[in-house]
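Notes for the one structure printed next.
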Amino acid sequence: MSGENNKKDKRRFAGALGQGITHFFLILWAIIVIFPFYWMILTSFKSYASYNSEYVPKLYTLSPTVQNYLSAFTEVPLGRYFLNSVIFTVLTTAIMLVVITLAAYAFARMKFAGKNLVFTIFLSLMMIPNELVIITNFITITDLNLRNTFTGLVLPSVTSVFYIYLLKENFEQVPEELYKAAIVDGTSDFKYLIDVMIPVCRPTMVTITILKVIECWNSYVWPRLITDNSKYFLVSNGIQEIRENGFGRENIPAMMAAVVSVSVPLIVLFFIFRKQIMAGVSRGGTKG
Amino acid sequence: MKEKIKPWLYLLPAVLFLGVFMVYPIVDVFIYSFEEGYNSASQSFFGTGTFNYSYVLHDAYFLRALKNTFIIVIITVPLSTGIALLIALGLSSVKKIKELYQTVFFLPYVTNTLAVGLVFMLLFRKTPYTDGFVNMLLNALGMSTVDFIDGPYWAKMFVMCFYTIWVVMPFKVLILTSAIASVNQDYYKAARVDGTSEFRIFGTITLPMISPMISYLVITGFIGAFKAYSDEVAIFGTDLNSAGMNTIVGYIYDMLYGDSGGYPSYASAAAIILFAVVLTITTINLMVSGGFSVTGKAKK
Amino acid sequence: MKITLKHLTKIFPNREKGKPDVVAVNDFDFSIPDGKLVSLLGPSGCGKSTALNLICGLEKPTKGQIFFDETDVTERSPRDRGVGMVFQSYALYPHLTVRKNIIYPLKNFKGDKKLTKEEMNRRAEEAAKLVQISELMERRPSELSGGQQQRVAIARALVKMPEVLLLDEPLSNLDARLRLQTREEIRRIQQETGITTIFVTHDQEEAMSISDIMVVMKSGTLHQMGEPQEIYDSPANLFVAKFLGTPPINVFEGRLEKGTVYIGNDAVLKIRKPGGGDFSDMPVYVGIRPEGFMPDAEGSFVAGLKALEVMGRDTSVVFTHDDTVSEVTRAIISSKKGLNTGDGVVRFSVLPEKLHIFDKETETRIPFEV
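Protein chains in written order, with this note's numbering: chain A, 1 to 288; chain B, 1001 to 1300; chain C, 2001 to 2370.
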């Protein structure tokens, strides 16, 4: 009896030890993930003078100041960058939703000659890397005199084959009988799409919207190519601009205030839609 | 007649945008890459041939970029996939605060990599005024300080790879965690009833079951790492050539636009070389992992 | 509203290349009288749903015409036909409440038919009351049982006051008890509203119990149309005879010899042509309904006893016979009186009205007198 108990205790101990070690490494990684965030927030609240006087950086501050945030929004046009990013994000996401919804509906519900062929061509476009087409797009937009305009920024990214594919799959799961019922009830295709399809597939629509918003907010390469007038910079380019030509002197705390401001909207979005975002990404989002 | 046109009307916007910004550019980029001395201002060129390719392949900057990119790929892809697998296994075995961990681990996915890269730069940088946080740690461990941002090549590469891994980790951890969670629990029960050790369970059940996801991550990881660029800018600034940290994609953009820019032909040739490299590596990957389709994953 | 089908045909191209096209509906040419409940009955895949889709306009016919009263509606879209339809899976909009589901068709009214919000609500409530779901109006479909969802679907079909109501296998997703209940419900609603109703089903019992007129079809072809009892009593052919009735009719290989129906050596019944005259000798199929056997120690029909299944009110006698072509042969008897089971042999006499003979070639029924 006691031997068996002993064995049980041993196993329990081994289990607890295992859990402990696992937690140790998970916490270690969590610290690596969180520390940069902590550091930027911390630095953004240090005063310019105290930051520059710390030869050995301190892990805390006793005299927090919001001066850096004021600097970030007054001494450099961070507000402008914000506004530009919001406009860019809203325009791109809205137009893209219309484009992909219509296309996905055509593929999911309509009958037409050559449907499979067109869909296969669409799918094969998923394999084309952005880097390959960006050169011509840059020249096209330049030739159209659309550099430093929102049109030029938005146009190339208002379609996504992957999201068309994702939405089509979802649309196809809506029972065919619902469509028949709606047709007998006297609905048109378009009204059915608006009244039934979109509301029923709302979770997927929301996921796609959020993922696209994240993508837009963080986009850097295309805006960098297409804008050289800082009036049209988005936040990513703005941060780079602030870093290189920023406050007239290297004002790290103010720079960090700008970095925090740029990061906050998406982090807030993440905490609100955590489940949808993670489910959406695990269903096939990619980064890189 | 109206019924026949209707589907095409629904498809029209997508077809139009894809045609102008995807299909036409693919054709065009090949043409550019074979046109010698194309000038975008006068839209003229003086011959066709493989000159652009040979120029790019003999350009020291391109070779440097090629080397940097390969080093980043070779270090970050296996390392990030391996660490992600360990983290995912850890996550699947802990009982408490699992969701908290998952939330924290996912954070880098939703952050602006340009912005956070700046923080990394600060943490690693050594200036006359401060040694920086990382050097403070190194000193505490009894090591001498290193300038990671303007210092030796290996140090810069270390920061680069560290940051790249930090950025790609959320996606990999998430994919592997859900892959492990989706393994039917009955397999584990059956194995435990048979008295299989935890280690063997991992080798004979978990690993084979999630191996399609691992090869998916390796392939997308390779593709992503070959296109490394904005993470580099985030750490070292826009002038990657002078930092000696340029990548292939960076080279393409520099050729296209920027201080040395205005040469779409060279950019096109470089882009096609990149595409060929990625295609080759992906094909080899697919052959090794025994076939797997991009769409098959989403269909799961 | 009277519905008339004129040479209605629907042909689908075969999805497998090289195979012949599928004739889902073959030359339907009949009328459905106003205010009746008509069921389209047939085994699955016989084209009955296609026929329904043609009538409501979801499919376009390959040939032929459809008339509502005297109006040709063949080219009309579903919305312009004014039909209500109920689907097998109910097809309720999952994101809308019951009330909004019922109102949905009314919102599509255009022009002078357009209704005010109050009118829509009033009509929705009327329809809900008719199917007895008034208290469920604010719920969502996912919060309802299958039977309740079915009622909502019926209310939604009725709310636009259609002149024709189409029901596509409306009961097959319900469990047995609810099916019985809902069946009576549909009958009641149809009688209260007097709407011409077409009901598609593969369940012959359901069709028999609910309909004024039955249309029996198979492989796109109409086999018989008429009142349920009439079809049961005088099936047009062997298929109809076998498809109707539970347990199914027992079929034997037999022959006509000198005006007598023989099964093997058993002379079962003596017959003549309707209105007199003798039949010539020929091979036939003989069908005998299970309730057509009477235990009779002197009976001419002799079979081997396999099992006795007591079912309370009746007793089912499963027996064997050398000349049967049915998988199981059985008789349903109300009393065991006269059933001698001692030597493993049972003897029956046969009720003439429960016996049918069919031509061996064409399988059509041969009418006769006793």
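Heads up, the beta-carbon is just placed ideally off N, CA and C, and yes, glycines get one too.
CB of Pro1170 of chain B within 9 Å of CB of Phe1105 of chain B, strictly: Working through the second sequence from its first residue, we reach residue 1170 of chain B at position 170. Working through the second sequence from its first residue, we reach residue 1105 of chain B at position 105. Yes. Within cutoff.
At least three beta-carbon pairs within less than 8 Å, the stretch 1177-1185 of chain B to the stretch 1088-1103 of chain B: yes
Limits of the unbroken beta strand (DSSP E) element including Tyr2262 of chain C: For the purposes of this step, residue 2262 of chain C is taken as residue 262 along the third sequence, with counting starting at 1. Here the beta strand (DSSP E) through Tyr2262 of chain C covers Thr2260 to Ile2263.
Supposed close pair Tyr2285 of chain C, Lys2360 of chain C - CB separation, criterion 8 Å: As a position in the third sequence, residue 2285 of chain C is number 285, starting the count at 1. As a position in the third sequence, residue 2360 of chain C is number 360, starting the count at 1. A Cβ-Cβ separation of about 6 Å places Tyr2285 of chain C in contact with Lys2360 of chain C under the 8 Å criterion.
Residues that Leu2305 of chain C bridges to, as DSSP identifies them: Translated into positions along the third sequence, residue 2305 of chain C becomes position 305. Note: Leu2305 of chain C sits in a beta bridge opposite C:Phe2319.
Any chain A beta carbon closer than 9 Å to Thr1069 of chain B: As a working note, residue 1069 of chain B is residue 69 in the second sequence. Not one chain A Cβ lies under 9 Å of Thr1069 of chain B.
The stretch 67-79 of chain A contacting the stretch 231-251 of chain A, beta-carbon criterion three pairs below 8 Å: Yes, they touch.
Residue range of the alpha helix (DSSP H) that includes Ile2231 of chain C: To locate residue 2231 of chain C, count along the third sequence from 1; it is residue 231. It spans Pro2228 to Asp2233 - the alpha helix (DSSP H) in which Ile2231 of chain C sits, taken as one unbroken run.
Test item: CB-CB of Ala1270 of chain B and Ile1252 of chain B under 9 Å: Stepping through the second sequence from its first residue, residue 1270 of chain B is reached at position 270. Stepping through the second sequence from its first residue, residue 1252 of chain B is reached at position 252. Yes; because the gap between Cβ atoms is below 9 Å, this pair is in contact.
Helix, strand or coil at Glu1099 of chain B [DSSP, three-state]: Numbered from 1 along the second sequence, position 99 holds the residue referred to as residue 1099 of chain B. Residue state, collapsed to three classes: helix.
Per-residue DSSP class, three states only, for Gly186 of chain A: Mapped onto the first sequence, residue 186 of chain A falls at position 186. Coil at Gly186 of chain A, not helix or strand.
Three CB pairs or more closer than 8 Å across the stretch 1201-1218 of chain B and the stretch 1110-1126 of chain B: no
Whether Met1213 of chain B touches Leu1176 of chain B by CB criterion (9 Å): Numbered from its first residue, the second sequence carries residue 1213 of chain B at position 213. Numbered from its first residue, the second sequence carries residue 1176 of chain B at position 176. Taking C-beta atoms as the reference points, Met1213 of chain B and Leu1176 of chain B count as a pair closer than 9 Å.
is_contact[Ala1190 of chain B, chain A] using C-beta, thresh 9 Å: Within the second sequence, numbered from 1, the residue matching residue 1190 of chain B stands at position 190. Not closer than 9 Å to any Cβ of chain A, the Cβ of Ala1190 of chain B fails to qualify, so no.
Contact with chain C by Arg202 of chain A, beta-carbon distance below 9 Å: Locating residue 202 of chain A in the first sequence gives position 202, where the first residue counts as 1. Interface residue, yes.
Inter-stretch contact at 8 Å, needing at least 3 Cβ pairs: the stretch 1223-1239 of chain B / the stretch 215-227 of chain A: yes
Chain-ordered neighbours of Ala1267 of chain B on chain A, where CB pairs are closer than 8 Å: Position 267 of the second sequence, counted from the start, is the residue given in the question as residue 1267 of chain B. Chain A residues near Ala1267 of chain B: Ile135.
Asn1285 of chain B versus Ser1242 of chain B - alpha carbon distance: As a position in the second sequence, residue 1285 of chain B is number 285, starting the count at 1. As a position in the second sequence, residue 1242 of chain B is number 242, starting the count at 1. Cα-Cα distance, rounded: 34 Å.
Met205 of chain A, enclosing beta strand (DSSP E) - first and last residue: For the purposes of this step, residue 205 of chain A is taken as residue 205 along the first sequence, with counting starting at 1. Per DSSP, Met205 of chain A belongs to no beta strand (DSSP E); it is in the alpha helix (DSSP H), Arg202 to Asn218.
DSSP state of Phe1070 of chain B mapped onto helix, strand, coil: The residue labelled residue 1070 of chain B in the question sits at position 70 within the second sequence. Helix.
Option in C:Leu2058, C:Ser2089, C:Leu2339 and C:Gly2042 with minimal Cα separation from Pro175 of chain A: The residue you call residue 175 of chain A lines up with position 175 of the first sequence. Of the listed residues, the one whose Cα sits closest to Pro175 of chain A is C:Ser2089.
Residue span of the beta strand (DSSP E) that contains Pro253 of chain A, given as start and end: Locating residue 253 of chain A in the first sequence gives position 253, where the first residue counts as 1. Pro253 of chain A -> not in any beta strand (DSSP E); alpha helix (DSSP H) instead, spanning Ile252 to Ile272.
Whole-Å CB distance - Ala2091 of chain C paired with Ala108 of chain A, under 8 Å assumed: For the purposes of this step, residue 2091 of chain C is identified with residue 91 of the third sequence, where counting begins at 1. For the purposes of this step, residue 108 of chain A is identified with residue 108 of the first sequence, where counting begins at 1. Not confirmed; about 17 Å, so no contact.
Test: Ser2089 of chain C CB closer than 9 Å to a CB of chain A: Stepping through the third sequence from its first residue, residue 2089 of chain C is reached at position 89. Cβ-Cβ to chain A under 9 Å: yes for Ser2089 of chain C.
Endpoints, the alpha helix (DSSP H) within which Asp1186 of chain B is located: For the purposes of this step, residue 1186 of chain B is identified with residue 186 of the second sequence, where counting begins at 1. Taken as a continuous stretch (DSSP letters only), the alpha helix (DSSP H) holding Asp1186 of chain B covers Gln1185 to Val1193.
Proximity test, Cβ basis, 9 Å: Leu117 of chain A and chain B: As a working mapping, residue 117 of chain A is identified with position 117 in the first sequence. Closer than 9 Å: no.
Same chain, Cβ closer than 7 Å to Tyr1032 of chain B, neighbours up to 5 away in sequence not counted: Here the question's residue 1032 of chain B lines up with position 32 in the second sequence. Correct list, in chain order: Tyr1038, Pro1264, Ser1265 and Ser1268.
CB contact below 9 Å: Ala181 of chain A versus chain C: The residue labelled residue 181 of chain A in the question sits at position 181 within the first sequence. Ala181 of chain A counts as touching chain C.
Cα-Cα separation, Val2022 of chain C to Lys2218 of chain C: One-based indexing of the third sequence puts residue 2022 of chain C at position 22. One-based indexing of the third sequence puts residue 2218 of chain C at position 218. Linking Val2022 of chain C to Lys2218 of chain C through their CA atoms gives a straight-line distance of about 13 Å.
Buried versus exposed, by CB contacts within 10 Å (16 or more), Met1255 of chain B: Within the second sequence, residue 1255 of chain B is the residue found at index 255, counting from 1. Classification for Met1255 of chain B: buried.
The stretch 145-160 of chain A / the stretch 1009-1022 of chain B touching (three or more Cβ pairs under 8 Å): yes
Three-state secondary structure (DSSP) of Ile2357 of chain C: What you label residue 2357 of chain C is simply residue 357 of the third sequence in a count that begins at 1. Looking at Ile2357 of chain C - three-state DSSP - the assignment turns out to be strand.
C-beta contact flag for Ile1219 of chain B and Ser1289 of chain B at 9 Å: Taking the second sequence and counting its residues from 1, one reaches residue 1219 of chain B at position 219. Taking the second sequence and counting its residues from 1, one reaches residue 1289 of chain B at position 289. Cβ atoms of Ile1219 of chain B and Ser1289 of chain B: closer than 9 Å.
Counted within 10 angstroms of its Cβ, other Cβ atoms place Gly1296 of chain B as buried (16 or more) or exposed: Taking the first residue of the second sequence as position 1, residue 1296 of chain B is located at position 296. With a pLDDT of only 39 at Gly1296 of chain B, under the threshold of 50, the placement of this residue in the model should not be trusted; the figure read from the coordinates follows. Exposed.
Any chain C beta carbon closer than 9 Å to Thr187 of chain A: On the first sequence, position 187 is the one that residue 187 of chain A refers to. Any Cβ of chain C closer than 9 Å to the Cβ of Thr187 of chain A would place that residue at the interface, and such an atom is present.
Ile135 of chain A and Val1029 of chain B closer than 9 Å at C-beta: Locating residue 135 of chain A in the first sequence gives position 135, where the first residue counts as 1. Locating residue 1029 of chain B in the second sequence gives position 29, where the first residue counts as 1. It is a contact, given that the beta carbons lie within the stated cut-off.
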